[in-house]
Amino acid sequence: MIFKDLIDKYKTRYSIPFQDLTDFGETNRINALVVSSLFLLSEIIDFFIVLVIQHSILKENFQYLIYLCIYTPINLFIFLFSRHSKNAVSYIRKTFPAYLLLFVGLSAGVFNFYFMDSPHNGFVTYYLAGFLFLIVFSSSPLLFFLELIPTAVILSPGVYKNYGVLSVVDLFVVTVIMFAIALYKRHYEKRHLQLLRKQKLVLEAKTFGNFTLLHENKVITFSRTKSEELLGYLIYKKGTSVKTKELINVLWGDHADSARYGNSFRNLIVDIKHTMNELEIQNFFITEYNNFRINPEVIRCDYYDFLEGDPAAIKSFAGEFMSQYSWAEEIAAFLEQKIQK
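Numbering (our numbering), first residue to last: 36 to 376.
This is the structure in structure tokens:
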């Protein structure tokens, strides 16, 4: 009975349906892509140092070479998996690399502690992996804890042998603190999502016919014409991240020079951010590492309703989709085909 009550309380305070975590999943994917690429770069440099510069003492570096041979392929897999998950809809698929990176960090701590005979580095790596994961990624507190605990248990005999019983106590106290931070973070994310649902009631995109963006039933106007077109394209992409080059090609033509239009593009970004801030629209237009997207969870859109099979949205489509933009013609044809099927 007590166990069931705990589960119910956990679900009430910290559980979020996967369909509401789409935007968090994309952020996790991009962060995993960046982190894994940094790890890969570091490991490639270390390979060069060990095999080329320090080849005369290869025997002394043999354990570290094993370390590199284990973790470099894993980080390469994470990088490629994250890169090819760009168009995925599933939160689980986009977040899987984040948990794998946590495994890499925690297991690297164990490897350092026992196999490289470096207890201090192992200890520090365990803490760094846990806290950096909390800072960079959005995750389930329970899954996070289930990765931490086995690692702490594996480390505890070595910690006791090298540092004594108080250090073992510290190890588990810090582990519990990390779990508590994960719970707090998830509870904050859940409350934030609830606030964004209220925003969804007042923010709307009409894409059938001419594209119009409305806030509280009033048309949102921008100081630059192409700002609206940029947002229209991101709304069409429905939360998928888009790089600068693709957006410049969409706005100024397939052969547009990024260097020539770079300043104009940056002005559009400033214009959009300023307009969103003026209207107090939060977490809608998102920029991360030269990637741009909108959060589809905080806006009503006839196009999204159409894709979900809403009868009213399907009936309202009259063959035109963002008709003022030439790039939208193919999408209108695609929607026509969906109706005919």
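The beta-carbon is built from N, C-alpha and C at its ideal position, and this holds for glycine as well.
Computed from a predicted structure; not experimentally measured.
Extent of the continuous beta strand (DSSP E) run through residue i
| i | result |
| --- | --- |
| Asn156 | Not the beta strand (DSSP E): Asn156 falls in the alpha helix (DSSP H), residues 154–171. |
| Glu264 | Not the beta strand (DSSP E): Glu264 falls in the alpha helix (DSSP H), residues 260–272. |
Sheet register partners of residue i (DSSP bridge)
| i | result |
| --- | --- |
| Phe27 | No answer is possible for residue 27: the residues shown for the chain start at 36 and end at 376. |
| Phe320 | Ile329 |
| Arg335 | Glu239 |
| Val254 | Leu249 |
For residue i, three-class secondary structure by DSSP
| i | result |
| --- | --- |
| Leu249 | strand |
| Lys46 | helix |
| Leu238 | strand |
| Val305 | helix |
| Lys225 | helix |
| Lys278 | strand |
| Gly297 | helix |
| Gln89 | coil |
| Leu314 | coil |
| Asp289 | coil |
| Lys121 | coil |
| Met151 | coil |
| Ile51 | coil |
Proximity test, Cβ basis, 8 angstroms: residue i and chain C
| i | result |
| --- | --- |
| Phe74 | This model lacks chain C altogether; it includes just one protein chain. |
Same chain, Cβ closer than 7 angstroms to residue i, neighbours up to 5 away in sequence not counted
| i | result |
| --- | --- |
| Asn96 | Val85, Gln89 |
| Phe114 | Leu68, Ser71, Ser72, Leu75 |
| Ser258 | Asp306 |
| Gly274 | Thr57, Asp58, Glu61, Arg328, Ile329, Asn330, Pro331 |
| Gly267 | Phe246, Met357, Tyr360 |
| Gly297 | none |
| Gly199 | none |
| Asn318 | Leu231, Asn330, Val333 |
| Val209 | Tyr162 |
| Val171 | Asn66, Val70 |
| Met311 | Phe319, Phe320 |
| Gly402 | The chain is shown only over 36 to 376; residue 402 falls outside these bounds and no answer can be derived. |
Neighbourhood of residue i by C-beta, 8 angstroms cutoff - its chain only, sequence neighbours within 5 removed
| i | result |
| --- | --- |
| Tyr134 | Ser174, Leu178, Glu182 |
| Glu251 | Val237 |
| Thr247 | Ala240, Lys241, Val254 |
| Ala347 | Asp340 |
| Lys121 | Arg64, Thr275, Ser276 |
| Ile374 | Ile349, Phe352 |
| Ile109 | Leu135, Val139 |
| Thr186 | Leu141, Ser142, Gly144, Val145, Tyr161 |
| Leu314 | His250, Ile255 |
Neighbourhood of residue i by C-beta distance below 6 angstroms, restricted to the same chain and skipping five residues each side
| i | result |
| --- | --- |
| Met213 | Gly165 |
| Asp249 | What sits at residue 249 in the sequence shown is Leu, not Asp. Contacts found: Glu239. |
| Ser262 | Leu303, Asp306, Ile307 |
| Ala8 | This structure gives no information on residue 8, because the portion of the chain shown stretches from 36 to 376. |
| Gln234 | Val333 |
| Ser153 | Asn147 |
| Phe53 | Tyr126 |
Start and end residues, alpha helix (DSSP H) containing residue i
| i | result |
| --- | --- |
| Gly60 | 57–83 |
| Gln98 | 97–118 |
| Ile366 | 364–375 |
| Phe131 | 126–145 |
| Asn197 | 176–198 |
| Leu93 | Leu93 -> no alpha helix (DSSP H), and no H or E assigned at all. |
| Lys350 | 346–351 |
Quiz item: Is the stretch 92–102 touching the stretch 120–138, taking contact as three or more C-beta pairs under 8 angstroms?
Solution: no
Practice problem: Mind the definition here: the stretch 341–354 touches the stretch 319–333 only if three or more C-beta pairs lie below 8 angstroms; say whether that holds. | Solution: no
Self-check item: Touch test, the stretch 189–201 against the stretch 152–163, Cβ-Cβ under 8 angstroms, three pairs minimum
Solution: yes
Quiz item: Is there contact between the stretch 285–293 and the stretch 209–227, where contact requires at least three CB pairs shorter than 8 angstroms?
Solution: no
Quiz item: Is the number of C-beta pairs between the stretch 291–300 and the stretch 275–283 that are closer than 8 angstroms three or more?
Solution: yes
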